[in-house]
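For the protein sequence lines, the chains are S and E, in the order given.
Take the first sequence: its position 53, counting from 1, is numbered 53 in our numbering, and each next residue is one higher.
In our numbering, each residue carries its 1-based index in the second sequence increased by 218.
There are 2 protein chains.
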Amino acid sequence: MSFTATEENYIKAIYHLQQRLGKAGTTVLAEAMQTRPATVTDMLKKLEAKKLLHYRRYKGFSLTESGNRLALLIIRKHRLWEYFLVHKLGFNWDEVHYMAEELEHISSRELITRLDQFLGKPAFDPHGDPIPDGKGRLKTIRQMNLMTLPLKKILVVQSVRNQSADMLELLNHYHIGIGTKLKVLRRFAFDGSAEIKVDKQPITIISNQVAQNVYCCI
Amino acid sequence: MSFTATEENYIKAIYHLQQRLGKAGTTVLAEAMQTRPATVTDMLKKLEAKKLLHYRRYKGFSLTESGNRLALLIIRKHRLWEYFLVHKLGFNWDEVHYMAEELEHISSRELITRLDQFLGKPAFDPHGDPIPDGKGRLKTIRQMNLMTLPLKKILVVQSVRNQSADMLELLNHYHIGIGTKLKVLRRFAFDGSAEIKVDKQPITIISNQVAQNVYCCI
DNA sequence: ACATATTTTTAGATTAGTCTAAATTTTATG
DNA sequence: CATAAAATTTAGACTAATCTAAAAATATGT
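Shown next as structure tokens:
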């Protein structure tokens, strides 16, 4: 069975909505797909006919087992291509999304297997999101320092590499400890400093040296 | 201006027909596109409206300057991706065509620029066909097929004209690939077959059909 | 040169993915 | 619990790319 890029995009969007909101309705899916609810209804019927969805009119819908598998395959392709674009072609992690949106629909499975191999079977993409393996399994946690983690996501501090007294003094000042929740709002190219919002604290700036030593998960 | 994959495929097919046959008619283009002449006529009008074609009904058509540029860009993408698939992912040269047919429609120009860089700006793809550079220029090496080249000289295989899976299978059997060194020892008038010595292989015979498709330089 | 064959175009229909407007079902509220 | 609001679906239409069948233009062969 093969699917159009549009069908694949619907499946991916439904997967992400189910992950984030627990469920998904026609209207919310229409917003996610930048289209109208009527259009979504038509597509739901088509996806049901292809056995990717359970669907009962007016009641709701959810991915079938094979819908779920397809979603994970598309996400796998997307994230492997993002990894390739950043780590092999030298793009910045904020430039690669729209390219990966196209590349994820290239059909060959063998291509993805070989790409995965070529990249060293990475478990996380450049945004820190986990890459499903060949069987659709996800690694759940990843720790990276504040320089490499995505902006505007809630991060939980997991570890601090340099644990000198001087460093800990500074972290205390920022009210940063293990388990602290924070967001990186902005990075400044000039000196690698970063604007952050620590839970319940005012917005502030940390230096590059600090940011490189603070490891978080998403 | 952006184009659908179908439009791009028509432009590419017209370019190749013009190169190989000097001109192209509706019927011949329909065969190349595996569709009907009526469908081709509709598309010709669309491509004319997009200024990729000169078209006069019943009289014929040819690529405009921008049509030509687009064709060369698509061919560039196709051949760079083939190079990537063979030299980075380890595919055989007879496995990559269909994947490249999809990859050539990925839109980002920056992606192609970076891919070109990453691959070391190759001038020839794994089949020996020249890769247009960023400005659409092609390296042309004087190549002749095995029927027209002198006997008993060391020849280097540069390209293979018929790139069907059947042909590539046969060439693999002979251990002939791009860059292979060989000599033509003798030609037989009866059926146009040729006795050849492929580098490190025993002396063997190839048919006229094969000889006509293998292009070498001295 | 003129009838016939070939090529090309037109006309009208089909499918996928989309739209708007209207109708229907479910949910929430007074 | 009746009714208003919200969500969802249906109906009918549009565009791109395709088809078949038929008409029109061009090319060919004695």
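All C-beta atoms, glycine included, are put in the ideal place defined by N, C-alpha and C.
Remember, it's a predicted structure, so these values are computed and weren't measured experimentally.
Listed by chain order, chain S residues near residue i by CB distance under 7 Å
i	result
leucine 333 of chain E	Leu89
leucine 270 of chain E	Going along chain S, no residue has its Cβ under 7 Å from leucine 270 of chain E, so there is no contact; the nearest lies around 21 Å.
Chain-ordered chain E contacts of residue i [CB-CB under 9 Å]
i	result
isoleucine 106 of chain S	Met317, Glu320, Leu321 and Ile324
leucine 73 of chain S	Ordered by position in chain E, no residue passes the 9 Å Cβ test against leucine 73 of chain S, which lies about 16 Å from the chain.
leucine 149 of chain S	Correct list: empty, because the minimum Cβ distance to chain E is about 24 Å.
For residue i, the three-state DSSP class (helix, strand or coil)
i	result
threonine 422 of chain E	strand
valine 304 of chain E	helix
asparagine 310 of chain E	coil
serine 284 of chain E	helix
tyrosine 215 of chain S	strand
methionine 365 of chain E	coil
N-terminal and C-terminal residue of the alpha helix (DSSP H) that residue i is part of
i	result
lysine 183 of chain S	First-last for lysine 183 of chain S: 181-187, but that is the beta strand (DSSP E), not the alpha helix (DSSP H).
alanine 231 of chain E	223-239
histidine 323 of chain E	Neither: histidine 323 of chain E is in no alpha helix (DSSP H) and is coded neither H nor E.
leucine 386 of chain E	383-392
alanine 267 of chain E	255-267
threonine 245 of chain E	244-250
Where the beta strand (DSSP E) through residue i begins and ends
i	result
glycine 278 of chain E	278-281
alanine 194 of chain S	194-198
glutamine 335 of chain E	Premise fails: glutamine 335 of chain E lies in the alpha helix (DSSP H), 327-336, not in any beta strand (DSSP E).
leucine 271 of chain E	271-274
leucine 373 of chain E	373-378
Per-residue contacts from residue i into chain S (C-beta, under 8 Å)
i	result
phenylalanine 221 of chain E	Within 8 Å Cβ-Cβ: nothing; phenylalanine 221 of chain E doesn't reach chain S, min ~14 Å.
leucine 386 of chain E	Per Cβ cutoff of 8 Å: no residues; leucine 386 of chain E is ~17 Å from chain S at best.
leucine 281 of chain E	The contacting residues do not exist; leucine 281 of chain E stays about 25 Å from chain S at best.
leucine 364 of chain E	Going along chain S, no residue has its Cβ under 8 Å from leucine 364 of chain E, so there is no contact; the nearest lies around 32 Å.
Residues of its chain near residue i, where Cβ-Cβ distance is below 8 Å and the 5 sequence neighbours each way are ignored
i	result
lysine 264 of chain E	Glu225
histidine 97 of chain S	Glu82
arginine 287 of chain E	Gly354
serine 108 of chain S	none
asparagine 426 of chain E	Met365, Asp409, Gly410, Ser411 and Ala412
threonine 113 of chain S	Gly134
glutamate 448 of chain E	For chain E, the structure presents residues 219 to 436; residue 448 of chain E sits outside this window and is missing.
proline 5 of chain S	Inspection of the sequence shows that residue 5 of chain S is occupied by alanine rather than by proline. Same-chain partners within the cutoff: His105.
asparagine 162 of chain S	Asn213
Neighbour list for residue i in chain E, Cβ cutoff strictly below 7 Å
i	result
phenylalanine 118 of chain S	Lys306 and Leu307
Same chain only: Cβ atoms within 7 Å of residue i, ignoring 5 sequence neighbours per side
i	result
arginine 187 of chain S	Ala194
leucine 356 of chain E	Pro348 and Pro350
threonine 26 of chain S	Pro37, Val40 and Thr41
alanine 32 of chain S	Ala13 and Leu17
methionine 1 of chain S	Lys50
lysine 401 of chain E	Lys370, Lys371, Ile372, Leu373, Ile414 and Lys415
methionine 29 of chain S	In the sequence on display, residue 29 of chain S carries leucine and not methionine. These residues qualify, in order along the chain: Ala13, Ile14, Leu17 and Val40.
arginine 297 of chain E	Asp343, Asp347 and Ile349
Chain-ordered chain S contacts of residue i [CB-CB under 9 Å]
i	result
leucine 265 of chain E	Residues of chain S passing the Cβ test: none, with the nearest at roughly 22 Å.
leucine 298 of chain E	Residues of chain S passing the Cβ test: none, with the nearest at roughly 12 Å.
Chain E contact residues for residue i, given Cβ-Cβ distances below 8 Å
i	result
leucine 70 of chain S	Residues of chain E passing the Cβ test: none, with the nearest at roughly 18 Å.
Close beta carbons around residue i, own chain, < 6 Å, minus the five adjacent residues each side
i	result
glutamate 313 of chain E	none
leucine 329 of chain E	none
serine 62 of chain S	His54
alanine 429 of chain E	Leu364, Met365 and Ala412
The stretch 276-292 of chain E touching the stretch 225-236 of chain E, judged by at least three CB pairs closer than 8 Å: yes
Touch test, the stretch 266-282 of chain E against the stretch 305-324 of chain E, Cβ-Cβ under 8 Å, three pairs minimum: no
Any 3 or more C-beta pairs closer than 8 Å across the stretch 330-338 of chain E and the stretch 358-372 of chain E: no
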